[in-house]
Amino acid sequence: SRDRTAKTWDFATGKELHTFREGHEFLASSAAFSKDGKRLVTAAIDNTTRMWDVETGTQQFVLDGTGRSAALALSPDASLVLTGSDERNAKLWNAADGTPLDTLEDLHSEITAVAFAPAGDKFFTGEIVGRIHVWAADSRRQLWSAEDHSGQITAAAFTPDGKRLLTASMDKTVGQWNVESGKELAHLGLKHPDSVTSLAMDPKGQFV
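So for the sequence shown, my numbering puts the first residue at -6; every next one is plus one.
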């Protein structure tokens, strides 16, 4: 929220459970749960990302320099945090204690969206200029990149089988890509009347 907090809610009743208010200095705009629901990671335009204990609502650690676009992803096994940066790089962190693990340097522009593949073997970074990259998670090697979007990348999601990647953009489209080859599936592109600012996929990968 713009009040610099994040909240968790009981999905069945709509009751508020916790307000996470310790840290962010500005708008908190991204959040992700670990699969077991015990931890929550948030990112904000204050250039920080924070890990929280969901049960107690307490902050566990802070990651600095993670970008004002609040690009954030948690790996499927909750061992890694992937963040963007204003400085043309993306960063990988140990999700257990916030230790920095690797920095992907010399990208073309600010990183505005990131995502992990369901198997955790690949991850994605998207830039403010519309360029996208797919990386091998173990070696941090870039597998392919593309420049088909003409506007900022705002969100991304892999299909549950990991074979396709969907990328949302300010250019009014959601692109679909073959993850193995890096080729755009142009016939599956989703056009919108205005900028696409968020993206979510159902667990079976049938709807977006």
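Note that beta-carbon positions come from the ideal geometry of N, C-alpha and C, so glycine has one too.
- Counting C-beta pairs closer than 8 Å gives fewer than three between the region 155 to 167 and the region 71 to 80, which falls short of the contact rule.
- Relative to the Cα of residue 48, the nearest Cα in the group 66, 36 and 12 belongs to 12.
- For residue 193, the three-state secondary structure derived from DSSP is coil.
- Contact annotation: residue 23 and residue 36 have beta-carbon atoms nearer than 7 Å.
- In the structure shown, residue 5 falls within a coil segment according to DSSP collapsed to helix, strand and coil.
- Comparing C-alpha distances from residue 16 to each of 111, 7, 30 and 50 shows the shortest one belongs to 50.
- Note that the C-beta distance between residue 125 and residue 64 is not below 7 Å.
- By alpha-carbon distance to residue 93, the top candidate from 128, 181, 56 and 34 is 56.
- When secondary structure is reduced to three states using DSSP, residue 71 falls in the coil class, being assigned neither helix nor strand.
- Residue 87 is classed as exposed because its beta carbon has fewer than 16 other beta carbons within 10 Å across all chains shown.
- By the CB criterion at 7 Å, residue 34 and residue 67 fall inside the cutoff.
- For residue 109, the enclosing beta strand (DSSP E) begins and ends at 104 to 109.
- Around the beta-carbon of residue 42, 16 or more other beta-carbon atoms lie within 10 Å, marking it buried.
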